[in-house]
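Q:
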Amino acid sequence: VQSLNYTYNELTSAEKDALIFTDVNWTLFGSYLLQYGKGLFDDKKVILSGLILPSFSMNRLTEELGIPEFKDTDPEFYKSKTPTATFANEIKKRIEHIAKYTNRPIYISVSTNEAVKDLLKDHLYTEGLLMRYSAKPYDNLAIMRRNYENTYLLDYLYESFYPETLTNVCLDLKGVKMPSIYYLPAFKSLLQFYKESGDVTHYDKLHALLESIIKKADYYNEEVRERYLKSINF
Numbered sequence: 157v158q159s160l161n162y163t164y165n166e167l168t169s170a171e172k173d174a175l176i177f178t179d180v181n182w183t184l185f186g187s188y189l190l191q192y193g194k195g196l197f198d199d200k201k202v203i204l205s206g207l208i209l210p211s212f213s214m215n216r217l218t219e220e221l222g223i224p225e226f227k228d229t230d231p232e233f234y235k236s237k238t239p240t241a242t243f244a245n246e247i248k249k250r251i252e253h254i255a256k257y258t259n260r261p262i263y264i265s266v267s268t269n270e271a272v273k274d275l276l277k278d279h280l281y282t283e284g285l286l287m288r289y290s291a292k293p294y295d296n297l298a299i300m301r302r303n304y305e306n307t308y309l310l311d312y313l314y315e316s317f318y319p320e321t322l323t324n325v326c327l328d329l330k331g332v333k334m335p336s337i338y339y340l341p342a343f344k345s346l347l348q349f350y351k352e353s354g355d356v357t358h359y360d361k362l363h364a365l366l367e368s369i370i371k372k373a374d375y376y377n378e379e380v381r382e383r384y385l386k387s388i389n390f
């Protein structure tokens, strides 16, 4: 349920016909349940980044999108780098190829591998849980505000009905609760905007929400949670 709520907020904030790249399985599975189970967001496509690394998968995607086939002109260049660097570079090249030829909006989930986001950072603009890939700057803060104030369904973050402990080893509570932590990078710059603009009402409300998320993040040790708390105290 938690991952469905999270994925709903991702998909509902994306523009029509969006392509959404993610690294995490629960976003992909959540999107399938929402799209095929509830008939929502059927114009949007969620793509697990790792699945476009094989040429046959990438070719199927480019064919579906009606764009030229991807040809890797320098496949050996990153062979001597770390696996993370290789993965990030290969994903970057494929996303850039798609962005070059498609007119569909492209988004990267905020939960995506940091190395991938770092390579694409010059063209990524945070709108909340999604970062939009854009060749030109635009007022992403206005969209972020709209998502937080009007678009996202956030009630589930205030109260959870999952038990604190479980004897069923098939359900990992860490996996259930962990998606919530991504609201921190999603809204940190918005929190700072509220602070600097003197919008006390929205600042207090958002700060209280993020603080609550951090305090409930018991899958991190106390030192990590303390660092998170300091990061939202401007």
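Just so we're aligned: 358 in my numbering is position 202 of the sequence shown, and the numbers increase by one with no gaps anywhere. Ideal placement from N, C-alpha and C gives every residue a C-beta, glycine not left out.
1) Determine the direct distance from the alpha carbon of Thr218 to that of Leu285, and round the result to whole angstroms.
2) Consult DSSP for Thr178 and reduce its assignment to one of helix, strand or coil.
3) What does the alpha-carbon distance come out to for the pair Ser265 and Glu367?
4) Using DSSP with H/G/I as helix, E/B as strand and the rest coil, what is Leu189?
5) Once DSSP output is grouped into helix, strand and coil, what is the label at Ser387?
6) Is Tyr339 near Ile388, with beta carbons less than 7 angstroms apart?
7) Using three-state DSSP, classify Ser265 as helix, strand or coil.
8) Under 8 angstroms: do the region 277–295 and the region 237–244 share three or more Cβ pairs, one atom per stretch?
9) Assign Thr178 to one of two classes, buried (16 or more other C-beta atoms within 10 Å of its C-beta) or exposed (fewer than that).
10) Who are the near neighbours of Lys227 in its chain, counting only those whose CB is closer than 6 angstroms to its CB and skipping five residues on each side?
11) Taking Tyr263 as the reference, which of Phe343, Tyr289, Val157, Thr229 has the closest Cα?
12) Please work out which residues of its chain come closer than 7 angstroms, Cβ to Cβ, to Val202, disregarding the five sequence neighbours upstream and downstream, and give them in chain order.
13) Under the DSSP definition of a beta bridge, which residues are partnered with Tyr257?
14) How is the alpha helix (DSSP H) around Leu167 delimited, first residue to last?
15) Can you look up Tyr314 in the DSSP assignment and give me helix, strand or coil?
16) Does DSSP put Ile369 in a helix, in a strand, or in coil?
17) Quick one: any contact between the region 342–356 and the region 370–380, if contact means 3 or more CB pairs under 8 angstroms?
18) Buried or exposed: where does Phe390 fall if 16 or more other Cβ atoms within 10 Å of its Cβ makes it buried?
19) Can you give me the Cβ contacts of Thr163 inside the same chain, cut-off strictly under 6 angstroms, excluding the 5 residues immediately before and after it?
20) Can you give me the start and stop residues for the alpha helix (DSSP H) that Met334 sits inside?
21) From Leu385 to Asp311, what distance separates their C-alpha atoms?
A: On the basis of the coordinates in this document:
1) 25 angstroms
2) strand
3) 22 angstroms
4) helix
5) helix
6) no
7) strand
8) no
9) buried
10) none
11) Tyr289
12) Ile176, Thr178, Thr183, Leu184, Ser187
13) None; Tyr257 has no bridge partner.
14) 158–169
15) helix
16) helix
17) no
18) exposed
19) Thr183, Gly186, Ser187
20) Run containing Met334: none; DSSP gives neither H nor E here.
21) 21 angstroms
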